[in-house]
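The structure under discussion appears below in the form of structure tokens.
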Ligand code: SF4
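Residue numbers (this note's numbering): -7 to 784.
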């Protein structure tokens, strides 16, 4: 033991402390590092070959050729499983296989040669690529002890790889016939994977003849490899169970206490950042594994059996969730690659895998958790469809919910068992006692899952009721997007077109002042009280254009509230005229402008703006425009466009800077989250963004917004055009009190691929609100109630 890279007195503690004490310490380490979250990977298992050159005493996976129909699964077999996985929303294709069967069995060598492969690993590479390309499932290669070139080849198609270290003992009876279980071979593989920056899974097997000190030694070695390379993402602690037909069928199973001791010791030896996994299907009472300090359940398949332990079926996901929640923890699906690695792709992923991984992640780098089929999106150019979406999807269609899609979201609110403990409960308790949320608290709240989401939604709903009562407001308005020609190149924008000569995707247009006036008159005739003016930044505009547009509306309909011009349009107009922001805004106000939309804020974090809208106003310029507007009596709102490339830290920064301005000016009337609609946006088509926020993230953005701005901003609006009416109904129970505008002629979300139509009516708003026993109230832009039921 003296050679271990850990302190001897610590080892003595591990060997002498009572199990209860060790488990308590392990839980504390887990809770501090990972909070209440327990992850699992929804996956399919693909047993590429059950031939193996090794013969381990406990293994039922490896079979002799005579017992198998064919030596390797064919490409069709592989794809059939993977497609089933994609249809059921799995994230991962776990390739399990024997080690180097071609070196033991002629039938394997011949099959590989006949099919054009020089090794099993070569075939694995091609099958992993096939699965990735055809189904989008992320492969995890579990190919045993490999050499550098083999690991490097698989790194191009498999975002993570794994190999159980099992044990460092070289005299175990069960490994006598297994040349690949020679400890130094496995240590070399672990370290080579580190050299190649491969997110790696390893682990130990408990109860195969090794002793406690041996386990400590194996875990210390994994910890040392991780200290050097930082590449170990998870460690599996697996218990031995005897199986019929194996050499060890008469051996005793690993005793539960021994197993729990090993898990707790693993948690205490390994760096806290390494995730710790124990498979739930190998223990009858698997909840106790949480008590020993794990934070991951490993792969759970709705489709395929555990081929390594076929006699032990996976617990149903509902049961896994119940057992987890019974201990005050929450379940979250992950990818094969953990968030710490998925969110640092330059270091940990081959460039070809950056997008396939990003495409499946949520803002934290975990797996998207909306249920339904998930396929890679393949698009083709469509006919010119004027100002609408210009791409059409081909091939398999995903059925998961996205902002802008027609799919109904899963029911998150109201939650049947809302609950929270740990950090989230502490933060909300603090808020109830008058503490303001800061950036770190917001980031922590965005980790909420399952019952925690219900807990936050309920608190936000309570604050909503206390602030504005049970009215649900709406405004009768019309959007006038006066041009879609724009000199800016915001990467999320599917609306703007270049000049006609450069336009490949649609029809540029510019409304005349008469067109704009006519639309305002038409809107007034239909009862609109507001027109919202927004458009591209046309190269021919000078600052007076925006003033002329405002005057055109006001002279046609003097009573119309002109809500118009983003901080970009205002800043650009002032610059083009050589005026100060204040002078220019005063002239706009004199022309009849009454308020500004918050759009163009996108994400007020300049690192993210550099990616999604590098040439647009920066954070300070956006804030300054609204500061000046407020100072002359023009009110405005706060929007946030979320779910493209950024993470919750950026959302928190956005909230903090806007709340600071609100404290200074009091000029913001509402908070409007605008989920990114990915379908036809350039940045998604270039494979550089996520598919917008998940529905859970939408719920959280609205609920946390209500909590965060409480006492400063009274109104939180849900954007029905991006979230749909079914989603809007849930968000009205998660802190929202406003449904926004009727939006006749909404074009911008539709151009990005949203399907929710261009207009809403009072009747349709009423249908959303009626089941909640809330009162629908028409308002004007400044939240003055207009309908007779006001205040009811
Ligand atoms: S978001 Fe606005 S500024 Fe950016 S490209 Fe689109 S129309 Fe132009």
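Glycine included, every Cβ here is placed at the ideal spot set by N, Cα and C.
Buried/exposed call for residue i, threshold 16 Cβ in 10 Å
i           : result
residue 774 : exposed
residue 425 : exposed
residue 504 : exposed
residue 105 : exposed
residue 247 : exposed
residue 811 : Past the boundaries of the shown model lies residue 811; the chain is included only from -7 to 784, so the question cannot be answered.
residue 764 : exposed
residue 378 : Only weak support exists for where residue 378 lies, its pLDDT of 46 falling under 50; the value from the coordinates is given anyway. By the 10 Å Cβ count, residue 378 comes out exposed.
residue 463 : buried
residue 494 : Note on residue 494: pLDDT 36, under 50, position unreliable in the model; no value is reported.
residue 7   : exposed
residue 645 : buried
residue 174 : exposed
residue 269 : buried
residue 381 : Residue placement at residue 381 is flagged as unreliable, the pLDDT there being 47, under the threshold of 50; the coordinate-derived value follows with that caveat. Buried is the call here.
residue 36  : buried
residue 110 : exposed
residue 1   : exposed
Reduced DSSP secondary structure (H/G/I, E/B, other) of residue i
i           : result
residue 466 : strand
residue 771 : strand
residue 20  : helix
residue 615 : helix
residue 730 : strand
residue 514 : helix
residue 153 : strand
residue 104 : helix
residue 623 : helix
residue 192 : strand
residue 777 : strand
residue 169 : strand
residue 132 : strand
residue 457 : helix
residue 284 : coil
residue 119 : helix
residue 426 : coil
residue 595 : coil
residue 484 : coil
residue 278 : coil
residue 111 : coil
residue 248 : helix
residue 240 : coil
residue 203 : coil
residue 439 : coil
residue 630 : strand
Whole-angstrom C-beta distance between residue j and residue i, which should lie under 8 Å
i           : j           : result
residue 290 : residue 214 : No, residue 290 and residue 214 are not in contact; Cβ-Cβ is about 17 Å, not under 8 Å.
residue 327 : residue 336 : Incorrect: roughly 14 Å between the Cβ atoms, too far for contact.
residue 284 : residue 256 : 5 Å
residue 727 : residue 694 : 5 Å
residue 818 : residue 682 : Within the shown structure, residues of the chain are numbered from -7 to 784, placing residue 818 beyond reach of any answer.
residue 47  : residue 54  : 7 Å
residue 354 : residue 393 : Their Cβ separation, rounded to whole angstroms, is 12 Å, which puts residue 354 and residue 393 out of contact at 8 Å.
residue 3   : residue 74  : That pair is no contact at about 44 Å.
residue 605 : residue 594 : 6 Å
residue 542 : residue 583 : 4 Å
residue 89  : residue 126 : That pair is no contact at about 19 Å.
Which listed residue (the options) has its alpha carbon closest to that of residue i
i           : options            : result
residue 26  : 631, 322, 487, 342 : 322
residue 139 : 131, 758, 8, 112   : 112
residue 518 : 736, 329, 409      : 736
residue 711 : 171, 307, 466, 44  : 466
residue 621 : 599, 577, 609      : 577
residue 346 : 149, 205, 224      : 149
residue 95  : 82, 417, 44, 81    : 44
residue 624 : 476, 203, 573, 420 : 573
residue 611 : 653, 587, 580      : 653
residue 540 : 49, 571, 581, 551  : 581
Quick check for students: name the residue ranges of the alpha helix (DSSP H) that lie wholly in the segment 338 to 415, counting only runs of 4 or more.
343 to 350
With a floor of 3 residues, list each beta strand (DSSP E) that falls wholly inside the segment 657 to 715, ordered by position along the chain.
660 to 667
Hey, which unbroken runs of the alpha helix (DSSP H) at 4 residues or more fall wholly within the segment 511 to 560?
535 to 548
Counting only runs of 4+ residues fully inside the segment 302 to 329, write out the alpha helix (DSSP H) ranges in chain order.
309 to 318
Which runs of the alpha helix (DSSP H) spanning at least 4 residues fall entirely within the segment 4 to 62, listed in chain order?
11 to 26
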